Amino acid sequence: LMEMPGTLSVVSDDEFEHNIPSFNLYTTTSASVLKEVANIYLKKSLFSSEEKDVVFEIEDFDNTDNVLLSFTPTTHSGRLIISLNGNEIFNAETGDTVQPINLERQYLEEDNVLHFEISGVGLAFWSSNEYALENLKVTADVTDITNRESSHSFFLTSEEADNLKTTDLRFFAECDKDAVGPLTIKINGNTIFSSVPDCGSANPPIQFSPGLLNDGQNGLYFGTTAGNYLLDQVRVTTELKELIYPTYF
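See below:
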């Protein structure tokens, strides 16, 4: 007897499910103090000038917003002049309180210098202008993005990988549709979904090419740009080709 039936398999099932445990994707934004100085003294007279530089760093520039400068003037005469990286952001006389000053993003860098000085005395050459600033702070809203991505893996046997017919991904998403960014899903580095999913319900199966799966270990990536996600019932389902069970007489 001489026959060529092709590859024979011992796989008895024609469908497999690879389940992924539930997980969260989220970002958190919190107020942080970037720089704090207890007090600053400034003075300007006809013959002398005391100025001050305050240096601060923004470690995660892309995820830092709403940068504010605040302080309390305990002594104030003349105009207070403040520059950020060479750009004037304040030039006025103050009272005992000053509203926080917004440090515009267009003037900000990763390494920053705030320069403080006061105006001259003009014709009153015998006098001097003074400022004492206390509790000076540079604050900002910093967003932590370390938990907005999640990676998982699942395993395919050689028998399953060699006989793939169709493959799809299924999941259930808990989220606020108006508060989340697009959800990106990748299999082995290939994007198969990038959109805001149905929130509060099971999403339609996402079909993808069986050629994206490997014999052995496979990687599954989830990521978002904003908001909170709870992803549950995540599973990769594979359907196998019809197996051959030849009989010869």
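When you read off a place in the sequence shown, starting at 1, and then add 58, the result is the number in the working numbering. Ideal placement from N, C-alpha and C gives every residue a C-beta, glycine not left out. Quick caveat: nothing in here was measured; it's all calculated off a predicted structure.
- In the DSSP annotation of this structure, the continuous segment of the alpha helix (DSSP H) that includes S216 starts and ends at 216-220.
- In the DSSP assignment, I176 forms a beta bridge with L138.
- DSSP assignment within the segment 235-294 yields the following whole beta strand (DSSP E) runs of 3 residues or more, N-terminal first: 241-245, 248-253, 264-266, 274-282.
- Rounded to the nearest whole angstrom, the CA to CA distance from E188 to A150 is 14 Å.
- The closest CA to that of F119, considering only N276, T133, D199, D154, is found on D199.
- Cβ contact annotation for G136 (same chain, cutoff 6 Å, sequence separation greater than five): I176, S177, N187, in chain order.
- Using a Cβ distance threshold of 8 Å, L142 and N121 do not count as a contacting pair.
- In this structure, the straight-line span from the alpha carbon of V238 to that of V292 is close to 19 Å.
- In the DSSP assignment, Y99 falls within the beta strand (DSSP E) that extends over 86-103.
- With a cutoff of 8 Å on beta-carbon distance, G277 and F213 are scored as not near each other.
- Here F119 carries a helix assignment [DSSP, helix/strand/coil].
- Of all alpha-carbon atoms in Q265, K223, F266, the one lying nearest the alpha-carbon of D71 is that of K223.
- Membership of S106 in any beta strand (DSSP E) is not indicated, and neither H nor E is assigned to it by DSSP.
- For V113, the pairing in a beta bridge is given by DSSP as V171.
- By the 16-neighbour rule on beta-carbons within 10 angstroms, G153 is exposed.
- Residue I250 holds the alpha-carbon nearest to the alpha-carbon of L271 among L92, V95, I250.
- Per DSSP, the unbroken beta strand (DSSP E) holding I78 starts and ends at 73-78.
- Residues A231, E232, C233, D234, K235, V238 of the same chain have their beta carbon placed closer than 8 Å to that of C257, with the five preceding and five following residues left out of the count.
- Cα atoms of N221 and L166: separation of roughly 57 Å, rounded to the nearest angstrom.
- Between the segment 190-204 and the segment 75-92, the count of Cβ pairs shorter than 8 Å is three or higher; the stretches touch.
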